[in-house]
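Here is the structure we will look at, set down as structure tokens.
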Amino acid sequence: MSNSYNFFYSAPKVELHIHFDGAFDMDFLYQIAKRDLDQLPETVPAPWNGPDATVTVRSAIAACKCKEDFEKITCLSPEAVVAKRLQNGGQKGAGLACMLDCFAVFTPVVQGKRDVIEEMAFKVCERQYRENVVYTELRYNPHVLTKEGSSLSDARSVVEAVTAGIEHGKEVFGIDMNQILCCMNLMPEVSDEVADLAIEFKSKGVVAIDVAAGETHFENEDLKKAHVAACLKAEEAGLRVTVHGAEDGSSTNFCCAVREYHAERVGHAYKIAADSAMYKMAEDTHTHIEACPTSSICTEAVCLPQVHPEKPILDSLDWNKHPIKKFIEDGLSVSISTDDPTVFLTHITDELTILADRFGLDAHKVGLAVTMNAIERCWASVKEKSHYREVTLKYYEGEASTVEENSD
Numbered sequence: 001m002s003n004s005y006n007f008f009y010s011a012p013k014v015e016l017h018i019h020f021d022g023a024f025d026m027d028f029l030y031q032i033a034k035r036d037l038d039q040l041p042e043t044v045p046a047p048w049n050g051p052d053a054t055v056t057v058r059s060a061i062a063a064c065k066c067k068e069d070f071e072k073i074t075c076l077s078p079e080a081v082v083a084k085r086l087q088n089g090g091q092k093g094a095g096l097a098c099m100l101d102c103f104a105v106f107t108p109v110v111q112g113k114r115d116v117i118e119e120m121a122f123k124v125c126e127r128q129y130r131e132n133v134v135y136t137e138l139r140y141n142p143h144v145l146t147k148e149g150s151s152l153s154d155a156r157s158v159v160e161a162v163t164a165g166i167e168h169g170k171e172v173f174g175i176d177m178n179q180i181l182c183c184m185n186l187m188p189e190v191s192d193e194v195a196d197l198a199i200e201f202k203s204k205g206v207v208a209i210d211v212a213a214g215e216t217h218f219e220n221e222d223l224k225k226a227h228v229a230a231c232l233k234a235e236e237a238g239l240r241v242t243v244h245g246a247e248d249g250s251s252t253n254f255c256c257a258v259r260e261y262h263a264e265r266v267g268h269a270y271k272i273a274a275d276s277a278m279y280k281m282a283e284d285t286h287t288h289i290e291a292c293p294t295s296s297i298c299t300e301a302v303c304l305p306q307v308h309p310e311k312p313i314l315d316s317l318d319w320n321k322h323p324i325k326k327f328i329e330d331g332l333s334v335s336i337s338t339d340d341p342t343v344f345l346t347h348i349t350d351e352l353t354i355l356a357d358r359f360g361l362d363a364h365k366v367g368l369a370v371t372m373n374a375i376e377r378c379w380a381s382v383k384e385k386s387h388y389r390e391v392t393l394k395y396y397e398g399e400a401s402t403v404e405e406n407s408d
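Position 356 of the sequence shown, counting from 1, maps to 356 under full-length UniProt numbering, and the rest follow consecutively.
Structural data, given as structure tokens:
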């Protein structure tokens, strides 16, 4: 482990962009997959790959002899994605679609199982505790975790189960966690209920609404109408709004997210780095960007050029060209998150370490900056935010003193 990794591991952290279903505990997930194999569907629809596309589930899991085999069909490593792109002459593959394929394989494993969903939420709290994350905003769409005729036959019961797991985890591990409910790009029919559930559970830890799983809704009026209505309904009830935008779609989706969906924060937003008008808008509006370094590579939202082919695959890339580095150096309001840590085989400490070891930024300065940004733009209470500032400054000021003492 590098010095930067050790430094960030010990630092108090705030994470704003982490998907519940992308952070499932892998050991537990594999255990349930094997236990309930006969109950799983052979295939599930994969509309992101085409109208009639499917992903194989039961046979694929049955073929897994160990957890490592299971990870091969449910996880997406940045090394594998980059290697495939370089083998294809630099042409993008289908990183985002491959990621959604991973979700399609393991989502049926947990659908409709209240005890499993509650335990998974508890285990996310444990994950965050072990990484010294003092505050987390966990996002998910409850509808994709339902199953007709089960103990989670409706979206409301899913939110209840997740909330119960989080409350248990908060009590055991002493961390703070709130929830963000997600509308889904290609599921406009559930967006109004997502808003209603967010409003209903506002007093139980739901702080915001999101639109996730693709960006075609920005250009499809029928999709947009449903999602915008949900966002505005939630906002009117006192909830906050964040929207995935300018990740794999047009840079102008950033403007649409802010102007039409009323997003205060935008997830990813990497495409604005090459659009001066959108970049200026981010600066002028002080819109917060939820950045996820490893995710950006795995989904191929960012395709860095290879400059040192003789080096290991990730070391061979020109990390100076990464939009997140530009965002940070230009002083945009940006925080660092994992997005889907289980799927991308990462942890929040790994993501922060990239800022120092890949981008070449000063660990102390950048760590403090992005953490304070996250605290300022998180949707915790005023009292909680004051506490997070206090523990963050205490750590970074203490580390600065240690460095000065060691240099004497």
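The beta-carbon is built from N, C-alpha and C at its ideal position, and this holds for glycine as well.
* Please list, in chain order, all residues of the same chain as Pro323 whose beta carbon is under 7 Å from its beta carbon, the five residues on each side excluded. => Tyr270, Ala273 and Val302
* To do: Evaluate Gly360 with the Cβ neighbour count: other Cβ atoms within 10 Å of its Cβ, from every protein chain shown; 16 or more gives buried, anything less gives exposed.
  => exposed
* Using only alpha-carbon positions, find the residue among Leu332, Val343 and Glu351 that is nearest to Glu283. => Leu332
* Sub-7 Å separation of Asn185 and Gly214 beta-carbons -> yes
* Asked: Between residue 429 and Cys292, which are expected to be in contact by the criterion C-beta below 8 Å, what is the C-beta distance as a whole number of angstroms?
  -> Residue 429 lies beyond the residue range present for the chain, which begins at 1 and ends at 408; the question has no answer from this structure.
* If you draw a straight line from the alpha carbon of Lys233 to that of Lys202, how long is it in whole angstroms? -> 13 Å
* Out of Asp52, Ala363 and Cys183, point me to the one whose CA is closest to Tyr395's CA. => Ala363
* Asked: How would you label Asp408, buried or exposed, when you count the other beta carbons within 10 angstroms and need 16 or more for buried?
  -> Because the pLDDT at Asp408 is just 47, under 50, the model does not fix this residue reliably, and the value given afterwards should be weighed accordingly. Exposed, because fewer than 16 other Cβ atoms sit within 10 Å of the Cβ of Asp408.
* Asked: Does the distance from the CB of Ala161 to the CB of Arg114 come in under 7 Å?
  -> yes
* **Sequence-distant residues of the same chain with beta carbon closer than 6 Å to Val307, five excluded per side** => Asp318
* Out of Ala195, Ala277, Glu264 and Pro12, which has the shortest C-alpha to C-alpha gap to Gln128? -> Pro12
* **Assumed close pair Arg139, Leu197 - CB separation to whole angstroms, cut-off 8 Å** => The pair is not a contact, with the Cβ atoms about 13 Å apart (cut-off 8 Å).
* To do: Let me know if Asn253 comes out buried or exposed under the rule of 16 or more other beta-carbons within 10 Å of its beta-carbon.
  => buried
* What do you reckon, are the CB atoms on residue 411 and Phe28 nearer than 7 Å? -> In this structure the chain extends from 1 to 408, so residue 411 is not present and cannot be described.
* **Start and end residues, alpha helix (DSSP H) containing His244** => Note, His244: premise wrong, no alpha helix (DSSP H); beta strand (DSSP E) at Arg240 to Gly245.
* Specify the secondary structure class of Leu40 as computed by DSSP and reduced to three states. => coil
* Asked: Using DSSP with H/G/I as helix, E/B as strand and the rest coil, what is Cys75?
  -> coil
* Under a three-way DSSP split, which group does Asp176 fall into? -> strand
* Where does Glu131 sit, in a helix, a strand or coil, going by DSSP? -> coil
* Asked: Among Lys204, Pro188 and Cys125, which one has its Cα closest to the Cα of Val159?
  -> Lys204
* To do: Could you tell me which residues DSSP pairs with Lys325 in its beta bridges?
  => None, per the DSSP bridge assignment.
* Pull up the CB-CB distance for Phe122 and Gly165, whole angstroms please, since I reckon it's below 8 Å. => 4 Å
* Pick out the complete alpha helix (DSSP H) segments inside the stretch 137-208, 4 residues or longer, and give them in chain order. => 155-173 and 191-200
* Asked: Between the C-alpha atoms of Gly89 and Val206, what's the straight-line distance to the nearest angstrom?
  -> 45 Å
* Asked: Excluding sequence positions up to five away, which residues of its chain have a Cβ less than 6 Å from the Cβ of Lys78?
  -> Per the sequence shown, the amino acid found at residue 78 is Pro instead of Lys. Contacts found: Thr294, Ile297 and Cys298.
* Asked: In the structure shown, what three-state DSSP assignment does Pro312 receive?
  -> coil
* Taking the Cβ atom as the reference point for each residue, do Thr56 and Ala46 lie within a distance shorter than 7 Å? -> no
* To do: Could you pull the start and end residues of the alpha helix (DSSP H) that Leu16 belongs to?
  => Here Leu16 belongs to no alpha helix (DSSP H); instead the beta strand (DSSP E) covers Lys13 to His19.
* Within 10 angstroms of its Cβ, does Asp219 collect 16 or more other Cβ (buried), or is it exposed? -> One detail in the question is off: residue 219 reads as Glu in this sequence, not Asp. The residue in question, Glu219, is exposed, as its Cβ has fewer than 16 Cβ neighbours within 10 Å.
* To do: Rounded to whole angstroms, what's the CA-CA distance from Cys256 to Ile289? Just pull it up for me.
  => 15 Å
* Cβ separation of Ala60 and Thr342, assumed to be a contact under 8 Å, to the nearest whole Å -> Ala60 to Thr342, Cβ: 17 Å. No contact.
* Asked: Does the Cβ of Val403 have 16 or more other Cβ atoms within 10 Å, making it buried, or fewer, making it exposed?
  -> At Val403 the pLDDT is 48, less than 50, meaning the model places this residue with poor confidence; the figure from the coordinates comes in the next sentence. With fewer than 16 other Cβ atoms within 10 Å, it is exposed.
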